[in-house]
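**Student:**
Protein chains: 4
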Amino acid sequence: MPHSASSLSDRRAPWRRALGDIIFGLSSPAARLYDKVLIFLIVASVLAVMAESISGLSPEWKAILRWAEWGFTVIFTLDYIGRLLGARRARRYAGSFYGVVDLLTILPSYLSLLFPGSQYLLVVRALRLLRVFRVFKLARYTDQAALLGEALTASRERITVFFISVLSLVIVFGTLLYLIEGPENGFTSIPTSIYWAVVTVTTVGYGDISPKTGLGKFLATLAMLLGYAIIAVPTGIVTVGLQEAKEARQGRHCPQCGLGKHDTDAHYCKRCGENLPG
Amino acid sequence: MPHSASSLSDRRAPWRRALGDIIFGLSSPAARLYDKVLIFLIVASVLAVMAESISGLSPEWKAILRWAEWGFTVIFTLDYIGRLLGARRARRYAGSFYGVVDLLTILPSYLSLLFPGSQYLLVVRALRLLRVFRVFKLARYTDQAALLGEALTASRERITVFFISVLSLVIVFGTLLYLIEGPENGFTSIPTSIYWAVVTVTTVGYGDISPKTGLGKFLATLAMLLGYAIIAVPTGIVTVGLQEAKEARQGRHCPQCGLGKHDTDAHYCKRCGENLPG
Amino acid sequence: MPHSASSLSDRRAPWRRALGDIIFGLSSPAARLYDKVLIFLIVASVLAVMAESISGLSPEWKAILRWAEWGFTVIFTLDYIGRLLGARRARRYAGSFYGVVDLLTILPSYLSLLFPGSQYLLVVRALRLLRVFRVFKLARYTDQAALLGEALTASRERITVFFISVLSLVIVFGTLLYLIEGPENGFTSIPTSIYWAVVTVTTVGYGDISPKTGLGKFLATLAMLLGYAIIAVPTGIVTVGLQEAKEARQGRHCPQCGLGKHDTDAHYCKRCGENLPG
Amino acid sequence: MPHSASSLSDRRAPWRRALGDIIFGLSSPAARLYDKVLIFLIVASVLAVMAESISGLSPEWKAILRWAEWGFTVIFTLDYIGRLLGARRARRYAGSFYGVVDLLTILPSYLSLLFPGSQYLLVVRALRLLRVFRVFKLARYTDQAALLGEALTASRERITVFFISVLSLVIVFGTLLYLIEGPENGFTSIPTSIYWAVVTVTTVGYGDISPKTGLGKFLATLAMLLGYAIIAVPTGIVTVGLQEAKEARQGRHCPQCGLGKHDTDAHYCKRCGENLPG
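Chains as they are written, first to last, in the UniProt record's numbering: chain A, 1 to 278; chain B, 1 to 278; chain C, 1 to 278; chain D, 1 to 278.
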């Protein structure tokens, strides 16, 4: 976004603009320091949520984690308020993916104050674990995600086709093995058999359910070989998608006729002969 | 298909043509609504077949599912009749892949009327589960499947070579481990050992059979590393196949000399200099 | 091979040449029929060896399989003699990969005549199972294997680097987990731990050995993620190798300056301007 | 490195330079023999460390392995001293990755002399197993590693994005299954559940922990399908990265304007028309 254009429509007070530059900015020293501190805090807070779940923690550790959690909550609350104040459009931020994540991951701690003694209720426990969604805040700091995103978007339809094929495959194989092996061999229902088929086709292979009859093993063998070969399909799709996305990025557009896809080292438009910029 | 040509040879009555346009069509609003409703019904009916297999269902749910099944059967029967009437060549449709699937997946319900009380016979149960094949009806709605199909067709021979190599590998490894480990370690016969080899080479790894002796483990290690590296081969094949299929699609043909493979932004045929269309 | 040149140096009698054309040939109707019959017999004989290993076979089936095996042995012996007689250089054939396989897979039956009652000795049983190597005879009939072979040959060094990396990885991870988990958790020795590491890095995951301690699980997690990401490397290598092999095949060579890598649709050499053939 | 330039700044005595040529050189017959002997010794010494860990070794074998270990230690010590003397900059070598590995893998044997009878202490045992790191010495001999290295370096950022995505995925799935399945089904804490998620997403699938509830199985199914499809991403990244690295290598640079990325068969710079060398 060109700076001249943005400042025209920007009605934020100067201090809010400065705040926004630090919190949302990427290049100034202050903004980079802010980002680094926040990445550290996000990772630390996720590790704290994990640590809390370990049974047999000593009371001292539990106390430390409780205090740390309050520290994280306060800091992320300040960060959230800062983002609301510093954003050019506070509402847009609040409604965005990151705005929702930022809010959702500070709420649980405050809710536990409203309902004291309730931390053993499932809903509250579930809410508290929402804090682990803080990892999604990290996505902010990954520039290159864009290229991957473009490749996946360009391949959206082919990926859908792939998933429908895999789903059909596991439904059919699951139903066949439910019929052949039956409940006595662990294939207690079609959904369970489909679970087995997914475990098999994706080559995970827990082994909690496995075919016992000869025919079942033969069909399982087919499912494995298909799964083993089918993995090639999304890989091919993503590879071709990545190449397309990269070429689309590299290609420069002719200012006269608008043609894209010029070589990065071309000097003249290959259609109209216009001098290419840059 | 150009419309002028098709209407000449089309001897269907106007109402049958209109019906065919709704059922087989892809672009008119009525056709798209019809497709959406059908996709919903297919998914719902497959879920119903799955739900039926869960043991411990309450009698109420069983009744609901039985009625739902009759609803699906009636609707799919009407769809089948509509397709027979609306198709330009009813016989060709009836003999096609989709025609057979459409028929096979409505038959089981009617058969259960002919043989009352027989729903516990294996053959009937098997037939009833055929209804799950309705998922294949979804393939109708996946445009992009064509490109994948072309890529796979172009790579057909190489995929065959790949499968023969993998089969040889699992046969040899299965036989070797049958010899080394023997029935006392779970490798009860060569087919069972080959089942183990497929489980291993495809990296599924259930663990229901695994080598116990040192030499067996060493050979298993080799099989795993081979399987791990070999997966690269179908992936490479499909990726190169996808690129070929895409290039073949993009390439425009010269109206004068027939040469294909022109760049998408070329204005003149690179062989004969003819102006390229489009 | 141009026929005129070959017949000059060919000192076989006419009937041996005709025999050779049928057995080794690929295009004449007799040769193609011979190939089809042999492929069928190879598959049947491999299936028979497998069936023989199933315990609990009825005596009738055992007799049938024994007779079938003698049938296969006689036919493959005639095929071997035919190849020796029909080959342009009998010694070269006998010493080639296929010659050795052809001989090795008929020997066991004759050996069992020399040492009657010995079919339960391990060495003899091992020899008899050699017959399963007949699957390798199938490789003769796979044209497209050549392109894959070229791609793998072109990528030979990179694949070696990949295997050395994976081996170093599993040795280091195996040793670390032997140290951390120790014999009490199933990691009884470094070779066993390396077996576990291969099972893990290749994503097979039997589960016969798995880490129990926290630190062991953490390291196992690292090994899995590495294995999951590293699979991308051979895939990339083979894909690029396949593209290279395909391009090298497609490229035509200039008769004047010898330059290869011309586009398949080029009419003139892009270096010296010579007319390209074909 | 051009020889004339290097000898100017090279203040090593002639015998040290000759020693360095043998030890560090790659092309002279003596250097190649030295490399081959060393590769053999590295592999042998790693195998010896592994063999030592097998319980139930006879005292004779233990003695042989102890003596072999001293032999390896002496030879690798001489190699280390030779490298220090023959290197153009001894300090730089000593501080390099290989210098540290070379030192670390001879130290344990000498330490066991200083602390006799201590070979059962964990720290000493850990140190002794460091000797297995000798496999890393092999990396010296793999030329082609460079191309792979370049491809990985070029894809560094995208690989980081991939790993952050996978980590976020396993953290979220691990937390969800901890909540749904709970300690009674083996998901005893969030770290353990994340271990399960990694086992699942990477398609390893030990089966030591697996979901028991319907909802847990459904979520596990999603995790598997995601893991199965996501593997396509690093593969695409590495393939595109390898192609880039290869093209960058092949491209020749124009001596006049410095432009790279010329076709390998181009005669003139496509930007400035200068004659290209070679």
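Every residue gets a Cβ at the ideal spot worked out from N, C-alpha and C, and that includes glycine.
Note that this is a predicted model, so its numbers are computed, not measured.
Examine the ligand FAD and report whether any of its heavy atoms sits within less than 6 Å of the Cβ of Leu19(C).
**Tutor:** In terms of ligand content, the structure shown is empty, and the ligand FAD therefore cannot be addressed.
**Student:** Can we say the stretch 154-166 of chain B touches the stretch 99-119 of chain C, given the rule of at least three CB pairs closer than 8 Å?
**Tutor:** Segments in contact, no.
**Student:** Quick test of your reading: Phe136(C) and Ser168(B), contact by CB under 8 Å. State the CB separation rounded to the nearest angstrom.
**Tutor:** The pair is a contact, with the Cβ atoms about 6 Å apart (cut-off 8 Å).
**Student:** Decide if Ile194(B) is buried, meaning its Cβ has at least 16 other Cβ atoms within 10 Å, or exposed.
**Tutor:** Flag for Ile194(B) reads buried.
**Student:** Return the residue from the list Thr221(D), Phe115(D), Glu69(D) that minimises the CA-CA distance to Arg134(D).
**Tutor:** Nearest option by C-alpha distance: Glu69(D).
**Student:** Can you find a CB in chain B that lies within less than 7 Å of the CB of Ser53(C)?
**Tutor:** At least one chain B Cβ lies under 7 Å of Ser53(C).
**Student:** Please tell me whether Thr203(D) has its Cβ less than 7 Å away from any Cβ of chain C.
**Tutor:** Chain C contact via Cβ: present.
**Student:** Under the assumption that Gly174(A) contacts Ala197(A) (Cβ atoms under 8 Å), give the Cβ distance between them as a whole number of angstroms.
**Tutor:** Between Ala197(A) and Gly174(A) the Cβ distance is about 4 Å, and since that is below 8 Å, they are a contact.
**Student:** Along chain B, which residues have their Cβ under 8 Å away from the Cβ of Gly207(D)?
**Tutor:** Chain B residues near Gly207(D): Tyr206, Gly207.
**Student:** With a threshold of 8 Å, are at least 3 pairs of Cβ atoms found where one atom belongs to the stretch 37-54 of chain B and the other to the stretch 63-82 of chain B?
**Tutor:** Touching, per the Cβ criterion.
**Student:** Between which two residues does the alpha helix (DSSP H) holding Asp208(B) run?
**Tutor:** No alpha helix (DSSP H) contains Asp208(B), which DSSP labels as neither H nor E.
**Student:** Does the count of Cβ pairs from the stretch 22-42 of chain A and the stretch 73-87 of chain A closer than 8 Å reach three?
**Tutor:** The stretch 22-42 of chain A vs the stretch 73-87 of chain A: in contact.
**Student:** Comparing C-alpha positions only, which one of Gly214(B), Val240(B), Leu242(B), Thr200(B) sits nearest to Met224(A)?
**Tutor:** Ranking Gly214(B), Val240(B), Leu242(B), Thr200(B) by Cα distance to Met224(A) puts Thr200(B) first.
**Student:** Less than 7 Å between the beta carbons of Val161(C) and Val233(B), yes or no?
**Tutor:** Contact flag unset, no.
**Student:** Identify the continuous alpha helix (DSSP H) that holds Leu84(D) and give its terminal residues.
**Tutor:** Its alpha helix (DSSP H) spans residues 59-86.
**Student:** Identify, in the order they occur along the chain, each residue of the same chain with its Cβ nearer than 7 Å to the Cβ of Ile171(C), setting aside the five sequence neighbours on each side.
**Tutor:** Once the five neighbours on either side are set aside, the close Cβ partners of Ile171(C) are Ile194.
**Student:** Tell me where the alpha helix (DSSP H) around Glu184(D) begins and ends.
**Tutor:** Glu184(D) -> no alpha helix (DSSP H), and no H or E assigned at all.
**Student:** Going by alpha carbons, who is nearest to Phe163(C) out of Ser96(C), Asp10(C), Glu150(C), Thr235(C)?
**Tutor:** The option with the nearest alpha carbon to Phe163(C) is Thr235(C).
**Student:** Could you tell me which chain C residues have their CB closer than 8 Å to the CB of Thr235(A), listed as they occur along the chain?
**Tutor:** Result: Thr235.
**Student:** Give the interface partners of Thr239(D) over in chain B, defined as CB-CB distance under 8 Å, in chain order.
**Tutor:** Going along chain B in sequence order, the residues near Thr239(D) (Cβ under 8 Å) are Thr239.
**Student:** If we count Cβ pairs, one from each stretch, closer than 8 Å, do we get three or more for the stretch 23-36 of chain A versus the stretch 53-67 of chain A?
**Tutor:** As far as the Cβ criterion goes, the stretch 23-36 of chain A does not touch the stretch 53-67 of chain A, which means the pair count is below three.
**Student:** Find the nearest neighbour of Val101(C) within the set Pro211(C), Leu226(C), Leu114(C), Arg83(C), judged by alpha-carbon distance.
**Tutor:** Looking at the Cα atoms, Arg83(C) is the closest of the given residues.
**Student:** Residues of chain D with CB under 8 Å from Thr213(C), in chain order?
**Tutor:** Ordered by position in chain D, no residue passes the 8 Å Cβ test against Thr213(C), which lies about 11 Å from the chain.
**Student:** Leaving aside the five residues before and after His3(B) along the sequence, list all residues of the same chain whose C-beta is less than 8 Å from its C-beta, in chain order.
**Tutor:** With a pLDDT of 45 at His3(B), under the threshold of 50, the predicted position of this residue should be treated as unreliable, and no value is reported.
**Student:** State the Cα-Cα distance for the pair Ile231(A) and Ala229(D), rounded to the nearest angstrom.
**Tutor:** Approximately 7 Å between the Cα atoms of the pair.
**Student:** Chain C beta carbons: is any one of them nearer than 7 Å to that of Ser155(B)?
**Tutor:** Cβ-Cβ to chain C under 7 Å: no for Ser155(B).
**Student:** Cβ closer than 8 Å: which chain C residues qualify as neighbours of Lys246(D)?
**Tutor:** Those within 8 Å of Lys246(D) in chain C are Val240.
**Student:** Have a look at Ile54(B) and Ala13(B) and give me their C-alpha separation to the nearest angstrom.
**Tutor:** Their backbone Cα atoms lie some 47 Å apart in a straight line.
**Student:** Mind checking if Val43(C) is an interface residue toward chain B, Cβ cutoff 7 Å exclusive?
**Tutor:** No, Val43(C) does not count as interfacial toward chain B.
**Student:** Taking only three categories from DSSP, how would you classify Ser6(C)?
**Tutor:** Reliability fails at Ser6(C), whose pLDDT of 47 lies under 50, so the model's placement of it is uncertain and no value is given.
**Student:** Taking all protein chains shown into account, decide if Leu129(B) is buried (16 or more other Cβ within 10 angstroms of its Cβ) or exposed.
**Tutor:** Answer is buried; the Cβ neighbour count reaches 16.
**Student:** Going along chain C in order, which residues have a C-beta closer than 9 Å to the C-beta of Val172(B)?
**Tutor:** Result: Val132, Phe133, Val135, Phe136.
**Student:** Along the chain, where does the alpha helix (DSSP H) that runs through Ala13(D) open and close?
**Tutor:** Segment: none, Ala13(D) is in no alpha helix (DSSP H) and carries neither H nor E.
**Student:** Using three-state DSSP, classify Gly214(A) as helix, strand or coil.
**Tutor:** Three-state result, Gly214(A): helix.
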